[in-house]
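**Student:** Numbering of the sequence shown is given in the numbering used here, commencing with residue 44 and proceeding in unit increments.
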Amino acid sequence: MYDFHIHSHFSSDSSASTLSMARKGKDIGLSGICFTDHIDLDYANPQASFDFSYSDYINEINSIKTSLSGDLEIYAGIELGLQPHTIADNEALIKDRSYDFIIGSIHCVNKSDMYLEPFLESMPTDNEAIMSYFRELQVCVDGFRNFDVLGHFDGIRRYIRDSESFSYELYREQIQNALQSLINSHKGIELNTSGLRYGLSSFHPLPEILRLYKQLGGEIVTIGSDSHTPDTLGYKFKEALEMLSVMGFKYYTIFKNRKPVFIKI
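(1) Where does Pro-273 land, buried or exposed, given buried means 16+ other C-beta within 10 angstroms?
(2) Check whether the stretch 155-165 and the stretch 106-126 are in contact - that is, three or more C-beta pairs closer than 8 Å.
(3) Per DSSP, which one or two residues make a beta bridge with His-81?
(4) Considering only residues of the stretch 217-290, which uninterrupted beta strand (DSSP E) runs meet the minimum length of 3 residues and lie entirely inside it, listed in chain order?
(5) Can you have a look at Asn-105 and say buried or exposed, based on whether 16 or more other CB atoms are within 10 angstroms of its CB?
(6) Cα separation between Arg-66 and His-247?
(7) Nearest-angstrom Cα distance between Leu-225 and Lys-299?
(8) Give a yes or no on whether the C-beta atoms belonging to Ile-297 and Gly-75 are separated by under 8 Å.
(9) For Asp-156, write down the residues that DSSP places opposite it in a beta bridge.
(10) At the level of alpha carbons, what is the spacing between Ser-57 and Asp-70?
(11) Could you tell me which of Asp-83, Asn-102, Ser-208 and Val-289 sits nearest to Ile-137, measuring between CA atoms?
(12) Using DSSP's beta-bridge definition, name the partner residues of Tyr-142.
(13) Considering only residues of the same chain and omitting the five flanking positions on each side of His-195, which have a CB-CB separation below 6 Å?
(14) With Gly-231 and Val-192 assumed to form a contact (beta carbons below 8 Å), what rounded beta-carbon distance in angstroms separates them?
(15) So Cys-183 packs on Tyr-86, CB below 8 Å; how close in whole Å?
(16) Select from Gly-267, Phe-177, Ile-252 and Ser-268 the residue whose C-alpha is nearest the C-alpha of Gly-261.
(17) How do the stretch 169-176 and the stretch 205-214 stand: do at least 3 beta-carbon pairs fall below 8 Å, yes or no?
(18) What is the C-beta distance between Ile-145 and Phe-190, in whole angstroms, given that I count them as a contact (C-beta under 8 Å)?
(19) Any idea if Leu-259 is buried or exposed, counting beta-carbon neighbours within 10 angstroms, 16 or more meaning buried?
(20) Below 8 Å on the Cβ atoms is my guess for Ile-203 versus Leu-180; work out the distance and round it to an integer in Å.
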């Protein structure tokens, strides 16, 4: 198994060393991991800076690749924050950098950090928050193509007042439009197992969304724990594989040099 969404001290919301993450991956029997530390330009929370030195990052990952050579495959990626007004800057940032994998994720809506109280205070209802999320998501997936999979597709569920108010049936049109845009541009989605860790009723995305993605012709699904500490690496991956298999997926996906590699389930 490969965990393709993990964070280290290069992300401002993690203090884990890259070596501790890699050693844990080896200890629990993973075949490989991909570091996907945060880059989120013009982030809405002034207390958080989601950026880091590209050269330091690559050099450190290359160092642990050498120290664990033959024991664990290690890849270098990023989780890139998507906002409509940073599309051009994101493109410029990636242009001269080489990664194995890029997750594109929505963490801010209307230039507001979804994690902080002012976001919901500006949204009188959960419906308004969800619709705002999907409007920005659609602009980003239509206007920016330099990523490989969309992270935690329904991540807004973590932040609304009542996560159960996010109804697949109610928002099917918005969900389908976003999925179709991803498929048309040969992008995938991730099965992010952290949803259960955050107290939700399922992984990200909801099973109905994953099923619709397949029905629309989607084939690229990575699996990630979204771990910020070593103890949650590979979280509920057995259940994630079972879910994909039951839905008819024959493979899950990893990326090397931005190219998909399909791993038989």
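Note that beta-carbon positions come from the ideal geometry of N, C-alpha and C, so glycine has one too. These figures come from a predicted structure and were not determined experimentally.
**Tutor:** Taking the structure as given:
(1) buried
(2) no
(3) In the DSSP assignment, His-81 is bridged to Glu-122.
(4) If we require 3 residues or more, the beta strand (DSSP E) runs fully inside the stretch 217-290 come out as 231-235 and 264-267.
(5) exposed
(6) If I take the Cα positions, the gap works out to 26 Å.
(7) 19 Å
(8) yes
(9) Cys-151
(10) 20 Å
(11) Checked all of Asp-83, Asn-102, Ser-208 and Val-289; the closest Cα to Ile-137 is Asp-83.
(12) Beta bridge pairing from DSSP links Tyr-142 with no other residue.
(13) Asn-235 and His-247
(14) 4 Å between Cβ atoms; contact.
(15) The Cβ separation is near 15 Å, so there is no contact.
(16) The option with the nearest alpha carbon to Gly-261 is Ile-252.
(17) yes
(18) Beta-carbon to beta-carbon, Ile-145 and Phe-190 are separated by about 4 Å, close enough to satisfy the 8 Å threshold.
(19) exposed
(20) 15 Å between Cβ atoms; not a contact.
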